[in-house]
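Peer 1: The structure follows.
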Amino acid sequence: MRAVRMTAPGVLEQVEVPTPDAGPGEVLLRVGAVGTCHSDLHILDAPAGIFPTPITLGHEIAGTVDTVGPGVTGWSPGDRAAVYGIIGCGRCRACLRGLENQCRVVAVGGIGLSRDGGLADHVVVPASRLLHIGDLELEQAAPLTDAGLTPYHAVELARPNLRPGTSCVVIGIGGLGHMAVQILVATTAVRVIAVDTSVAALDLATRLGAHEVVQAGPETVEKIRAIVGPPPDGADVVLDFVGADPTLATARQVVATGGRVMLVGLAGGTLPVRPVAEEPPTLPMETSVEIPFWGTRAELQEVIALGRVRLLQADVQIFPLERAPEAYELLRRGEIQGRAVIVP
Ligand code: NAD
Ligand code: ZN
Ligand code: ZN
Numbered sequence: 000m001r002a003v004r005m006t007a008p009g010v011l012e013q014v015e016v017p018t019p020d021a022g023p024g025e026v027l028l029r030v031g032a033v034g035t036c037h038s039d040l041h042i043l044d045a046p047a048g049i050f051p052t053p054i055t056l057g058h059e060i061a062g063t064v065d066t067v068g069p070g071v072t073g074w075s076p077g078d079r080a081a082v083y084g085i086i087g088c089g090r091c092r093a094c095l096r097g098l099e100n101q102c103r104v105v106a107v108g109g110i111g112l113s114r115d116g117g118l119a120d121h122v123v124v125p126a127s128r129l130l131h132i133g134d135l136e137l138e139q140a141a142p143l144t145d146a147g148l149t150p151y152h153a154v155e156l157a158r159p160n161l162r163p164g165t166s167c168v169v170i171g172i173g174g175l176g177h178m179a180v181q182i183l184v185a186t187t188a189v190r191v192i193a194v195d196t197s198v199a200a201l202d203l204a205t206r207l208g209a210h211e212v213v214q215a216g217p218e219t220v221e222k223i224r225a226i227v228g229p230p231p232d233g234a235d236v237v238l239d240f241v242g243a244d245p246t247l248a249t250a251r252q253v254v255a256t257g258g259r260v261m262l263v264g265l266a267g268g269t270l271p272v273r274p275v276a277e278e279p280p281t282l283p284m285e286t287s288v289e290i291p292f293w294g295t296r297a298e299l300q301e302v303i304a305l306g307r308v309r310l311l312q313a314d315v316q317i318f319p320l321e322r323a324p325e326a327y328e329l330l331r332r333g334e335i336q337g338r339a340v341i342v343p
């Protein structure tokens, strides 16, 4: 079968590999659609030794069951499914509470991160990772599994602050951010302020229901403060889907006293934390900073429910498997709107 693999750090190429077999408890899925996540670029850019090579990338997967391995019940050939990408140990205190994204045994990883993913004709996954999607299109189901699930989880964590009439600043209206805007509009009564460097991304945010848009630039903080109020007031929640030094600087300067900064983007920026002994303080008092990771299976089921009633729809650009490397180059250059989805 065809597979798009990271064959060495930084090297992405399409190769022929044997079609894998479903082992005990596993299913072989015919891949229908795979979202291209910015995290894949971080994986490609990571130094040798952090991620295994060769590895088939692609951790936002939806497809059709091809064959089931020994012992699998409840799934049959032809069933359509979305894939929950995390594989926790299932036994630690976090996994037992359904928080496989906090597993204390298995380090951060999953399908397409620490074992072969979906950028291929087929992928083998544990049957326990599959969720039914009803009649949802596979191109819509795939991005829900990360671009939808990760912001949904971040919003769930921040929900105590997302009271009616509060405000949420969303920085980075790409794959995750454009889903975050819809999740906020569909599940909260907060004022949504979208921030991006790209005008096209801001236009998309407006179409999806953002109440205000701010183009990131030299005056970003002043422009956002004009909307949410100056310190000690500010945004009740900031969702940062970039996580670079400039966006973290914006986040800490516009978050309200007692607010929450949700650091989702993995660009590797630094957030200084210092109490108010000096002016200006790095963060307002009572503010919390959280680093959400992906989400839980239960949350993915809710995200799929939002997708099925069209309250959450990825804005997708479709590419065939051969053009996956090109899709990642466009993503790197900031030229993808919404999510690029590969349809093998
Ligand atoms: P993306 O490339 O689709 O979107 C990024 C958006 O940020 C783009 O619209 C871009 O124009 C905008 N942007 C870039 N620099 C900016 C700046 N300085 N100010 C304002 N906007 C800026 O990326 P994505 O796939 O949505 O992923 C976003 C980030 O989230 C990545 O770092 C990814 O690795 C990370 N991620 C984290 C998790 C997690 O569990 N924590 C899960 C998935 C993705
Ligand atoms: Zn991802
Ligand atoms: Zn565990």
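Residue numbers 0 to 343, in numbering that gives the first Met the number 0, belong to the letters of the sequence shown in order. Glycine included, every Cβ here is placed at the ideal spot set by N, Cα and C. Keep in mind the model is a prediction, meaning the values are calculated, not measured.
Quick one: residues with CB closer than 5 angstroms to any heavy atom of ligand 2, in chain order, please.
Peer 2: In chain order, the residues that have a beta carbon nearer than 5 angstroms to some heavy atom of ligand 2 are C36, S38, D145.
Peer 1: Since Q181 is in the alpha helix (DSSP H), which residue starts that stretch and which ends it?
Peer 2: 174-186
Peer 1: Please list the segments of the alpha helix (DSSP H) lying wholly inside the segment 261-312, counting only runs of 4 or more residues, in order along the chain.
Peer 2: 296-307
Peer 1: Check each candidate in A204, V227, P76, V123 and name the one with the smallest Cα separation from V395.
Peer 2: This structure does not reach residue 395, given that the chain is present from 0 up to 343, and the question cannot be answered.
Peer 1: Any chance the CB of V33 is under 7 angstroms from a heavy atom of ligand 1?
Peer 2: no
Peer 1: Would you mind reading off the limits of the beta strand (DSSP E) that contains Q336?
Peer 2: No beta strand (DSSP E) contains Q336, which DSSP labels as neither H nor E.
Peer 1: If we ignore side chains and look at the alpha-carbon of each, how far apart do P319 and T149 end up?
Peer 2: 25 angstroms
Peer 1: Would you check whether ligand 1 has a heavy atom nearer than 7 angstroms to the C-beta of F318?
Peer 2: no
Peer 1: Taking 8 angstroms as the cut-off, decide whether the C-beta atoms of R79 and L118 are in contact.
Peer 2: no
Peer 1: Which residue comes first and which comes last in the beta strand (DSSP E) that contains Q214?
Peer 2: 211-214
Peer 1: Along the chain, which unbroken stretches of the beta strand (DSSP E) at least 3 residues long are found entirely within the segment 88-140?
Peer 2: 121-125, 129-131
Peer 1: Here's a check: name, in chain order, each residue in its chain whose Cβ is nearer than 6 angstroms to the Cβ of V254, leaving out the five neighbours to either side.
Peer 2: G233, A234, V237, V260, T286
Peer 1: Give me, in chain order, the residues of the same chain whose beta-carbon lies closer than 8 angstroms to that of G242; leave out the 5 immediate sequence neighbours on both sides.
Peer 2: L262, V263, G264, L265, A266, G267, G268
Peer 1: For C88, is the beta carbon positioned less than 7 angstroms from some heavy atom of ligand 3?
Peer 2: yes
Peer 1: Let me know the alpha helix (DSSP H) ranges lying completely inside the segment 199-263, each 4 residues or longer, listed in chain order.
Peer 2: 219-227, 244-253
Peer 1: From which residue to which residue does the beta strand (DSSP E) around L156 run?
Peer 2: L156 -> not in any beta strand (DSSP E); alpha helix (DSSP H) instead, spanning 148-157.
Peer 1: Examine the Cβ distances between the segment 27-44 and the segment 124-143 and report whether three or more of them are shorter than 8 angstroms.
Peer 2: Pairwise C-beta distances place the segment 27-44 in contact with the segment 124-143, as three or more of them are shorter than 8 angstroms.
Peer 1: For the alpha helix (DSSP H) that contains R331, what are its first and last residues?
Peer 2: 323-331
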